[in-house]
């Protein structure tokens, strides 16, 4: 029996050059037991239109073509709907897809054929949904500059990252966990549901995306040696052992943004909030996942 699939594409994600028609054709070839319906975002009332498309079609699968921001948009629109989500990593960095073990489109098709859908947590931050990573400071500054580029892509991302790494300022924050207040100085504060950025940098080495908790990570490199050493550890997967890194694990927290640092959630700028409240929602969504996800997360379900 043929099932229904709603394919949602952000046509301006990344610089991959894949059109909606081409993506639909690929889906029809690889998922021959699904009837594919394509819908593209426009940037205007997308959340309402996504829900409308879902209610009209009533699909057994929703495929999301885009980056972290697109995945967040669709997930938020369909929050509470009992439907598995598949990710087609077409953004500039695709950090959430990598956390799910989806490194490319081939992984997506295979995960759906193998019916590898698993529960994934979400963090609610001041009314916004966070599936992957949110942060104050260095990376948020980078994303803000990247958004101002006319042409998006990894080259632009790398160009701005080099400038930001060496120009980042130390900012003050107040972190409250279980009524205990901690004063923190850092160049970057990360609120982590996922474990890595799209570049493959493992920011949250011990974190799991389905354990009902999230991590807050403070990074404060000072010298060139600090940057070099911590960068190596980021890609080696042992940043938590470095002296520039401090991490806490929790179900909820408050962070006061004392010196007005920039803040982003899942690749989208939020501005400079005076404070944020973050709370976990365990197993908020079901995503199709790759084999790498199974290796690290299956025991936590």
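Numbering (UniProt numbering), first residue to last: 1 to 301. Beta carbons: idealized from backbone N, C-alpha and C, even for Gly. Small disclaimer: the values here were computed from a predicted structure and weren't measured.
Query, Result
"Per DSSP, residue 277 is paired with what?", "254"
"From the DSSP output, in three-state form, read off residue 264 for me.", "strand"
"Spatial neighbours of residue 302 within its chain, please: CB distance less than 6 Å, with the 5 preceding and 5 following residues excluded, ordered by chain position.", "Here the chain has residues from 1 to 301 only, and residue 302 is not among them."
"Using 10 angstroms around the beta-carbon of residue 289, count the other beta-carbons present and answer buried if the total reaches 16, otherwise exposed.", "buried"
"Under 8 Å Cβ to Cβ from residue 130, same chain only, skipping five residues before and after it: list those, please.", "72, 122, 123, 124, 191, 193, 265, 266 and 278"
"Mind checking residue 55: buried by the 16 CB within 10 Å criterion, or exposed?", "exposed"
"Expressed to the nearest angstrom, what Euclidean distance is found between the alpha-carbon atoms of residue 101 and residue 69?", "18 Å"
"Mapping DSSP to helix, strand and coil, what is residue 178?", "coil"
"Give every residue of the same chain whose Cβ lies closer than 8 Å to the Cβ of residue 287, excluding the five residues on either side of it in the sequence, and list them in chain order.", "84, 85, 86, 87, 100, 117, 118 and 120"
"In the structure shown, what three-state DSSP assignment does residue 116 receive?", "coil"
"According to DSSP, simplified to helix, strand and coil, what is residue 42?", "coil"
"Tell me, please, which residues DSSP counts as bridged to residue 123.", "130 and 280"
"When burial is assigned at 16 or more other CB atoms within 10 Å of the CB, is residue 104 buried or exposed?", "exposed"
"What residues in its chain sit with their C-beta under 6 Å from that of residue 236, if we drop five residues either side in the sequence?", "none"
"Are three or more beta carbon pairs between the stretch 18-34 and the stretch 1-9 nearer than 8 Å?", "yes"
"Output the boundary residues of the beta strand (DSSP E) element that contains residue 63.", "61-66"
"Would you report the Cα separation of residue 63 and residue 7, rounded to the nearest angstrom?", "5 Å"
"Would you decide whether residue 215 is buried or exposed? Buried here means 16 or more other CB atoms lie within 10 Å of its CB.", "buried"
"Please name the residue, chosen from 29, 58 and 175, that lies closest to residue 110 on a Cα-to-Cα basis.", "29"
"Leaving out the 5 sequence neighbours to the left and right, which residues in its chain are closer than 7 Å to residue 220 when beta-carbon positions are compared?", "170, 185, 186, 187 and 244"
"So what does DSSP say about residue 199, is it helix, strand or coil?", "coil"
"For a test of the three-state rule: what should DSSP assign to residue 259, helix, strand or coil?", "coil"
"Which two residues bound the contiguous alpha helix (DSSP H) that contains residue 192?", "Run containing residue 192: none in the alpha helix (DSSP H); it sits in the beta strand (DSSP E), 188-192."
"Going straight from the alpha carbon of residue 79 to that of residue 255, what length do you get?", "25 Å"
"Nearest CA to the CA of residue 135: which residue from 46, 14 and 269?", "269"
"Spell out the partners DSSP gives residue 109 in its beta bridges.", "Answer is none; residue 109 lacks a bridge partner."
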